Amino acid sequence: MNVSVDVVWLGRGGQGAVTAAMLLAQAALNRGLYALAIPFFGAERRGAPVFAYNKISSSTIYSRSRVEQGDIVAVMDPSLLMSYKLEKIAKPGGTIIASGTKCPEIPGDFKTYMLDAVGIAEDLGLKVAGFALVNMPMLGAVARASGLVGKTELEEAVKQLIKAHVDKNIEAVKRGWEHVKSC
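Each residue of the sequence shown is one higher than the last, beginning at 1 in the numbering used here.
See below:
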């Protein structure tokens, strides 16, 4: 299997974009791939836009720079769909997975998916300071839509890296996997 995939996570501070990138990298490592998680943020506060990136490959990854255009873009907050030109963040022909209750209209040639990640997180009580932690359902959605890693690798990654509410987080990942919809 020859794999080389760049992922862009776009969220707000407190939604768990950086944690999602770390978990996807760990799941890829669990699958036997090479992987990096690259956080990118400054002095932002909770609620400010945050980017995180993954580089996943079947061969050694030498570049440690951030991802300019992703093969996959995960948008964790629906309001960010209006704030950023996703056609510049995603590679042509790439995949965009958005949190929301309806399919986003994005100009360009993209495979588009949606998931009510907020609803899943709230249903499971995954909130911090009033913010729904959408990272786990989005992680499941990204994994299923991309085929990069399976449920087993995701569950192992959560057990390896997450210390609180492990069962709820695994359930959120599973629900994200099960409920992501192609637009």
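Idealized CB from N, CA, C, for every residue including glycine. All figures in this text were calculated on a predicted structure; none of them were measured in a lab.
Would you tell me roughly how many angstroms separate the C-alpha atoms of residue i and residue j, rounded to the nearest one?
| i | j | result |
| --- | --- | --- |
| Glu122 | Ala132 | 6 Å |
| Ser63 | Lys174 | 31 Å |
| Ile170 | Leu139 | 10 Å |
| His179 | Leu115 | 6 Å |
| Val158 | Ser4 | 23 Å |
| Ala145 | Lys111 | 9 Å |
| Ser99 | Ala117 | 5 Å |
| Leu86 | Ile106 | 7 Å |
| Asp71 | Leu148 | 12 Å |
| Gly13 | Arg31 | 29 Å |
| Lys55 | Ile61 | 8 Å |
| Ser58 | Leu29 | 10 Å |
| Ala27 | Glu156 | 7 Å |
Going by DSSP, what residue range makes up the alpha helix (DSSP H) through residue i?
| i | result |
| --- | --- |
| Ser146 | Asn135 to Ser146 |
| Gly176 | Val166 to His179 |
| Val18 | Ala17 to Asn30 |
| Met82 | Leu80 to Ser83 |
| Lys163 | Careful: Lys163 lies outside any alpha helix (DSSP H) and carries neither H nor E. |
| Ile106 | Where Ile106 is concerned, there is no enclosing alpha helix (DSSP H), given that its DSSP letter is neither H nor E. |
| Glu68 | Here Glu68 belongs to no alpha helix (DSSP H), and DSSP marks it neither H nor E. |
| Leu86 | Leu86 to Ile89 |
Please name the residue, chosen from the options, that lies closest to residue i on a Cα-to-Cα basis.
| i | options | result |
| --- | --- | --- |
| Thr19 | Leu154, Trp177, Gln69 and Cys183 | Leu154 |
| Val8 | Thr95, Ile61 and Asn30 | Thr95 |
| Tyr113 | Pro78, Gly130 and Ile38 | Pro78 |
| Ala129 | Asn2, Gly16 and Thr101 | Gly16 |
| Ile120 | Asn2, Gly176 and Leu86 | Gly176 |
| Lys102 | Gly93, Leu81 and Ile89 | Leu81 |
| Pro39 | Pro92, Ala172 and Ala52 | Ala52 |
| Lys168 | Gly125, Met76, Leu29 and Ala143 | Gly125 |
| Lys151 | Asn2, Gly11 and Leu24 | Leu24 |
| Gly93 | Pro104, Ser83, Val73 and Tyr84 | Val73 |
| Val142 | Gln160, Ser182 and Glu156 | Ser182 |
Run through the DSSP bridge pairs and tell me what residue i is partnered with.
| i | result |
| --- | --- |
| Ser4 | Ser57 |
| Ala117 | In DSSP, Ala117 forms no bridge with anything. |
| Ser99 | Leu115 |
| Leu10 | Phe51 and Val75 |
| Leu36 | Lys55 |
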